[in-house]
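Below is one structure, written out as structure tokens, with a few remarks after it.
Numbering (the working numbering), first residue to last: 1422 to 1739.
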């Protein structure tokens, strides 16, 4: 694919006039075909199509970035950095940061409008395994409750949209706060027998299924829409990523949410959707200069976890 075709594809999702007016605020400009850049007529400042986007400052060619988006869009359970580095012939570090920029753009573009109608809610434990000490006398019996800890994913699934949040465990306070933020009042909620969901009875039309006795209640109640997401997430952890740090767990979870919601779309539609998200996302504050020491802070839980990015602008918007 030639550069001109790639650039035209990108320009379809980022109108040049709007790009100049809102991001750089400089006009008029002209195109330098030999360098594939634009230049301001007054100050002679040069910039490329990636300026002001999440790819700003990237050393990769536009062709490799577009190829990476294509490979990312074709996978059903995720794409590992080592696989992408082999396909693009780049370093593992380069592929790792690029993939996380994709995930960050998906995170910042997600729709947090409250769900309504029939909503399935459930939780699943991830990152619950802690490697035991080498010597037996130093090991801790983690079967005791005071040593149990995990990151719990709360998924609320609408007809074609999912929202995921991160909590330390399924507890009444977090469940109630998240549900009131993410689900409209008087909606119908399907949940399992966990007592953390009992308080929802006062605000929603709550239906339960006891998974310790049945997969589906005699009234036909299930929360299979949420279970479908967890199945995809577990396959991604087991077969692709193997391990997810809690600091980046929400980025991975939002990626799986996007794959789950767009599972019936064509590769072209997923490619165009991801490209549009990336070109409309500001430069990353979490992954720009990552290998030079710009590390992400600790994971956020509860309502604060709805925005995985450290960018205060996006956190306030959520």
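For every residue, glycine included, the Cβ atom is placed at its ideal position computed from N, Cα and C.
Neighbourhood of residue i by C-beta distance below 6 Å, restricted to the same chain and skipping five residues each side
i	result
residue 1658	none
residue 1654	1677
residue 1705	1475, 1522 and 1525
residue 1637	1643
residue 1702	1475, 1526 and 1529
residue 1445	With a pLDDT of only 48 at residue 1445, under the threshold of 50, the placement of this residue in the model should not be trusted; the figure read from the coordinates follows. The answer is none, since no qualifying residue turns up.
residue 1632	1613
residue 1495	1688
Backbone secondary structure at residue i - three-state DSSP
i	result
residue 1492	helix
residue 1481	coil
residue 1650	helix
residue 1452	strand
residue 1604	strand
residue 1676	helix
residue 1597	helix
residue 1530	helix
residue 1544	strand
residue 1591	coil
residue 1536	strand
residue 1682	helix
residue 1661	helix
residue 1511	coil
residue 1506	helix
residue 1720	coil
residue 1552	coil
residue 1619	helix
residue 1523	helix
residue 1642	coil
CA nearest to the CA of residue i, picked from the options
i	options	result
residue 1503	1717, 1674, 1705 and 1662	1662
residue 1621	1541, 1460, 1670 and 1480	1541
residue 1467	1482, 1500, 1449 and 1484	1449
residue 1608	1463, 1539, 1703 and 1461	1539
residue 1597	1613, 1612, 1583 and 1617	1617
residue 1464	1451, 1484, 1473 and 1470	1451
residue 1634	1615, 1690, 1685 and 1627	1615
residue 1651	1552, 1628, 1460 and 1682	1682
Paired residues, beta bridge with residue i - DSSP
i	result
residue 1655	None; residue 1655 has no bridge partner.
residue 1468	1459
residue 1629	1612
Euclidean distance between Cα positions of residue i and residue j
i	j	result
residue 1644	residue 1516	36 Å
residue 1507	residue 1630	45 Å
residue 1667	residue 1457	40 Å
residue 1595	residue 1727	12 Å
residue 1613	residue 1543	7 Å
residue 1561	residue 1599	33 Å
residue 1500	residue 1462	42 Å
residue 1572	residue 1724	No answer about residue 1572 holds up, because its pLDDT of 48 lies below 50 and its placement is not dependable.
residue 1546	residue 1660	17 Å
residue 1720	residue 1455	45 Å
Closer than 8 Å to chain D by CB, residue i
i	result
residue 1595	Here chain D cannot be found, since the structure has a single protein chain.
Contacts around residue i, its chain only, beta-carbon distance under 8 Å, and the 5 residues preceding and following it disregarded
i	result
residue 1479	1471, 1486 and 1519
residue 1606	1624 and 1625
residue 1686	1694
Close-in-space but distant-in-sequence residues of the same chain around residue i (CB under 7 Å, 5 per side omitted)
i	result
residue 1715	1709
residue 1698	1526, 1527 and 1530
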